[in-house]
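**Q** Numbering of the sequence shown is given in my numbering, commencing with residue 165 and proceeding in unit increments.
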Amino acid sequence: MIKAIRTMSCKIKRILSIMTFILLLLRVQAQDNYVNYNYTYLDNIKTVQFHVEGLVLSQPIYYLNSGSPLELAFDDLNPDYREYVYTVIHCNADWTPSNLVTSEYLNGFEEEIIENYEYSFKAKTIYTHYNLLLPNEDMQFTKSGNYLLLVYDNEEGKRLAFVRRFMVVEPRVNILPDVVRPAMVGKSDTHQEIDFSVTHKGFDIRSPRTELSVTVLQNGRWDNAIQGLKPLFSRAEEQVFDYQNKVIFPAGKEFRYLDLRSLRYGTENIAQVEFINDRYEVTLYTDEKRSRGGYLEFEDINGNFVIDNFDDRDAVLESEYASVLFSLASPAEMYDYDIYLFGAFTEWLLKPEFKMVYNPAVNAYVGKAYLKQGYYNYMYAAVPKNGGEIDFEPVEGNWYEARNDYTILVYYRPFGGRYDRLIGALTFSSRI
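(1) Using 10 angstroms around the beta-carbon of Pro341, count the other beta-carbons present and answer buried if the total reaches 16, otherwise exposed.
(2) For the segment 490-497 against the segment 450-463, are there 3 or more C-beta pairs whose distance is under 8 Å?
(3) Please classify Met183: does DSSP put it in a helix, a strand, or coil?
(4) Taking the alpha carbon of Phe462 as the reference point, which residue from Tyr203, Asn568, Met348 and Tyr248 has its own alpha carbon closest?
(5) For the segment 192-277, which segments carrying the alpha helix (DSSP H) assignment without a break, of at least 4 residues, lie completely within its bounds, in sequence order?
(6) Check Leu505 in the structure and name its three-state DSSP category.
(7) Using DSSP bridges, identify the partner residues of Ala400.
(8) Between Tyr444 and Ser487, is the Cβ-Cβ spacing less than 8 Å?
(9) Note down the Cα distance separating Leu314 from Gly218, rounded to an integer number of angstroms.
(10) Based on Cα-Cα distance, which residue from Glu497, Tyr203 and Pro548 lies nearest to Asn111?
(11) Count the other CB atoms, across all protein chains shown, that sit within 10 Å of the CB of Phe419; report buried if there are 16 or more and exposed otherwise.
(12) Going by DSSP, what residue range makes up the alpha helix (DSSP H) through Pro372?
(13) In chain order, what residues of the same chain lie with their CB nearer than 6 Å to the CB of Leu190, ignoring the 5 residues before and after it?
(14) Would you please state the rounded distance, in angstroms, between the beta carbons of Glu268 and Lys307? I believe it to be under 8 Å.
(15) Could you tell me which of Glu375, Arg582, Asn229 and Asp406 sits nearest to Val344, measuring between CA atoms?
(16) Out of Gln391, Glu247 and Glu557, state which residue places its alpha-carbon closest to the alpha-carbon of Arg323.
(17) In the structure shown, what three-state DSSP assignment does Ala496 receive?
(18) Enumerate in chain order the residues of its own chain whose CB-to-CB distance from Pro395 is below 7 Å, with the five nearest sequence positions on each side excluded.
(19) Which class does Leu481 belong to by DSSP, given the choice of helix, strand or coil?
(20) Is it buried or exposed for Tyr311, if we count other Cβ within 10 angstroms and need 16 for buried?
(21) With a threshold of 16 other CB atoms inside 10 Å of the CB of Asp317, please say whether the residue is buried or exposed.
(22) In angstroms, rounded to a whole number, what distance separates the CA positions of Val333 and Phe305?
(23) Can you tell me whether DSSP reads Thr306 as helix, strand or coil?
(24) Measuring CB to CB, does Leu427 end up less than 8 Å from Asp502?
(25) Alpha carbons only, please: which of Leu489, Asp353 and Gly384 is nearest the one belonging to Lys519?
(26) I'd like to know whether the C-beta atoms of Asp368 and Tyr421 end up nearer to each other than 8 Å.
(27) May I ask you to verify whether the segment 220-237 touches the segment 345-355, counting CB pairs closer than 8 Å and requiring at least 3?
(28) Let me see if you follow: with CB-CB separation under 8 Å, is Ile554 close to chain C or not?
(29) Beta-carbon within less than 8 Å of Ile500's beta-carbon, same chain only, minus the 5 sequence neighbours each way: which residues are those?
(30) So, are the CB atoms of Gly507 and Gly552 less than 8 Å apart?
(31) Could you tell me the alpha carbon to alpha carbon distance between Val380 and Glu438, rounded to whole angstroms?
(32) DSSP three-state call for Pro516: helix, strand or coil?
(33) Which of the three DSSP states, helix, strand or coil, is assigned to Thr447?
(34) Measuring CA to CA, which of Tyr245, Asn242, Gly416 and Asn263 is closest to Arg585?
(35) Suppose only complete runs of 3+ residues qualify. What are the beta strand (DSSP E) ranges in the segment 318-403, listed by chain order?
(36) Can the beta-carbon of Leu234 be found less than 8 Å from the beta-carbon of Val252?
If you want it as structure tokens, here you go:
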């Protein structure tokens, strides 16, 4: 009997050992199986915002050892608390994982729980709001460069909830930008060219074309980023990036806007608000194409969004969620293009849930988005069905005078260096 019990005990230990190994393997696979761009995996996660604390329209750029942390906020449509954990991964300039081990770029813990959360109240849609500051007492950055923030739902197994990019800067250079009309015929009225120089007084860069790499972003978008730029020429402690017709972006126009700050009284572009089956249904007035129209100047927030609420006091916890119906007038279907809603609220991605469908009964493309009360910018992105990049020209048009924000990121890897240091970052308006 005793021998049988011991035998059974050994078998149980083996089984437990195998199960532990499998769980560890699954955890490693879960951490390895992620995209290296902003993406939300779980449908219950909504309204992810990541920016400098107190600056909701800023890029997630942290200056090493500064007093301005990054703030992450998101809603979980599950009404009950769930344990979310986070970790960060250091990356190269091209967003592949760097060769640094965790202890080389982090002080503190490798993984931690998001402890700050609050429950919504008064809102018809019940949700839990989570908030995190980085760095914090549990996790501090020691190296500059690109980083990925990975957030996991730690209940019932470890599921990746979402990924967010951010940057940590050790300022060593100054960036002097200029926005000009492209010299290329056919683009001077529709595109914007970014020329700039990088000065580095007292900071030795021995081989600029091999040690420097620069990325330029338009409105915080990574889908159309221009990366891997090298200096055109050098002069005393200055690197010049004055490439003619190389760092060029379609200018677009000012973003369309959706004002959801009041469901009680409505706003100028809301045609109807209904409460059906325990949820708000908002129908917008039909949008018109702007490709043939001239440039109309008005204030926008360059594709971003801000959570706000005119109906109640607490925009974070009292704001409602609503299913918003968009429509784009079109006398016929655009057979060469697919049409998508596009902006920061779509994560600057062409996601299936934001694809518009042509409805011949109303001569319009229609689509829906589930959004929290606030102020949103968006455009309609046309994508060639035979493959190709986003094209705003068929629906929105492009106009040189449009206001855009640009961000220049300067990476540095000296000879023998093991990672890309981010030694400069600057965000500026095209109206400089």
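For glycine and all other residues, C-beta sits at the position ideal for the given N, C-alpha and C.
**A** So, from the data block:
(1) Translated into the one-based positions of the sequence shown, residue 341 becomes position 177. By the neighbour-count rule (16 or more Cβ atoms within 10 Å), Pro341 is buried.
(2) yes
(3) The residue given as residue 183 occupies position 19 in the sequence shown. Reliability fails at Met183, whose pLDDT of 39 lies under 50, so the model's placement of it is uncertain and the value that follows must be treated cautiously. Residue state, collapsed to three classes: helix.
(4) Translated into the one-based positions of the sequence shown, residue 462 becomes position 298. That would be Asn568, whose Cα lies nearest to the Cα of Phe462.
(5) 266-269
(6) As a position in the sequence shown, residue 505 is number 341, starting the count at 1. Three-state result, Leu505: strand.
(7) Walking along the sequence shown from the start, residue 400 turns up at place 236. Ala400 is not bridged to any residue.
(8) Here residue 444 refers to the residue found at position 280 of the sequence shown. Here residue 487 refers to the residue found at position 323 of the sequence shown. In contact: Tyr444 and Ser487 (Cβ atoms closer than 8 Å).
(9) Here residue 314 refers to the residue found at position 150 when the sequence shown is read from its first residue. Here residue 218 refers to the residue found at position 54 when the sequence shown is read from its first residue. Using only the alpha carbons, I get a separation of about 22 Å.
(10) This structure leaves residue 111 out entirely; the chain is present only between 165 and 596.
(11) The sequence position of residue 419 within the sequence shown is 255, counting from 1. Phe419 should be labelled buried.
(12) For this step, residue 372 is matched to residue 208 along the sequence shown. Its alpha helix (DSSP H) spans residues Pro372 to Glu375.
(13) Walking along the sequence shown from the start, residue 190 turns up at place 26. Low confidence applies here, because Leu190 scores a pLDDT of 40, under 50, leaving its location unreliable and the question unanswered by this model.
(14) The residue labelled residue 268 in the question sits at position 104 within the sequence shown. The residue labelled residue 307 in the question sits at position 143 within the sequence shown. The Cβ separation is near 7 Å, so the contact holds.
(15) As a working mapping, residue 344 is identified with position 180 in the sequence shown. Among Glu375, Arg582, Asn229 and Asp406, the Cα nearest to that of Val344 belongs to Asp406.
(16) Here residue 323 refers to the residue found at position 159 when the sequence shown is read from its first residue. Nearest option by C-alpha distance: Glu247.
(17) For the purposes of this step, residue 496 is identified with residue 332 of the sequence shown, where counting begins at 1. In the structure shown, Ala496 sits in coil (DSSP, three-state: anything other than H, G, I, E or B).
(18) Here residue 395 corresponds to residue number 231 of the sequence shown, with the count starting at 1. Pro372, Arg373, Leu376, Gln403, Val404 and Phe405, listed in sequence order.
(19) Here residue 481 is taken as the residue at index 317 of the sequence shown, counted from 1. Leu481: helix per DSSP, three-state reduction.
(20) Taking the sequence shown and counting its residues from 1, the one referred to as residue 311 is at position 147. Tyr311 comes out buried.
(21) Translated into the one-based positions of the sequence shown, residue 317 becomes position 153. Classification for Asp317: buried.
(22) In the sequence shown, residue 333 corresponds to position 169, counting from 1. In the sequence shown, residue 305 corresponds to position 141, counting from 1. Cα to Cα, the separation comes out at about 10 Å.
(23) Locating residue 306 in the sequence shown gives position 142, where the first residue counts as 1. Correct three-state label for Thr306: coil.
(24) As a first step, residue 427 is located in the sequence shown; it is residue number 263 there, counting from the start. As a first step, residue 502 is located in the sequence shown; it is residue number 338 there, counting from the start. In this structure, Asp502 does not lie closer than 8 Å to Leu427 by Cβ.
(25) Your numbering for residue 519 matches position 355 in the sequence shown. Checked all of Leu489, Asp353 and Gly384; the closest Cα to Lys519 is Leu489.
(26) The residue you call residue 368 lines up with position 204 of the sequence shown. The residue you call residue 421 lines up with position 257 of the sequence shown. Taking 8 Å as the Cβ cut-off, Asp368 and Tyr421 do not qualify as a contacting pair.
(27) no
(28) Looking for chain C here will not work: only one protein chain is present.
(29) Taking the sequence shown and counting its residues from 1, one reaches residue 500 at position 336. In the sequence as displayed, the identity of residue 500 is Asp instead of Ile. For Asp500, where only same-chain residues beyond five positions count, the Cβ hits under 8 Å are Pro548, Lys549 and Asn550.
(30) By one-based count along the sequence shown, residue 507 stands at place 343. By one-based count along the sequence shown, residue 552 stands at place 388. No. Outside cutoff.
(31) Looking up residue 380 in the sequence shown gives position 216. Looking up residue 438 in the sequence shown gives position 274. Rounded to the nearest angstrom, the two C-alpha atoms are 43 Å apart.
(32) For this step, residue 516 is matched to residue 352 along the sequence shown. Correct three-state label for Pro516: helix.
(33) As a first step, residue 447 is located in the sequence shown; it is residue number 283 there, counting from the start. Three-state DSSP puts Thr447 in a strand.
(34) As a working mapping, residue 585 is identified with position 421 in the sequence shown. Ranking the options by Cα distance to Arg585, first place goes to Asn263.
(35) 323-333, 338-344, 355-363, 376-382, 385-393 and 397-399
(36) Residue numbering aside, residue 234 sits at position 70 when the sequence shown is read from its first letter. Residue numbering aside, residue 252 sits at position 88 when the sequence shown is read from its first letter. No. Outside cutoff.
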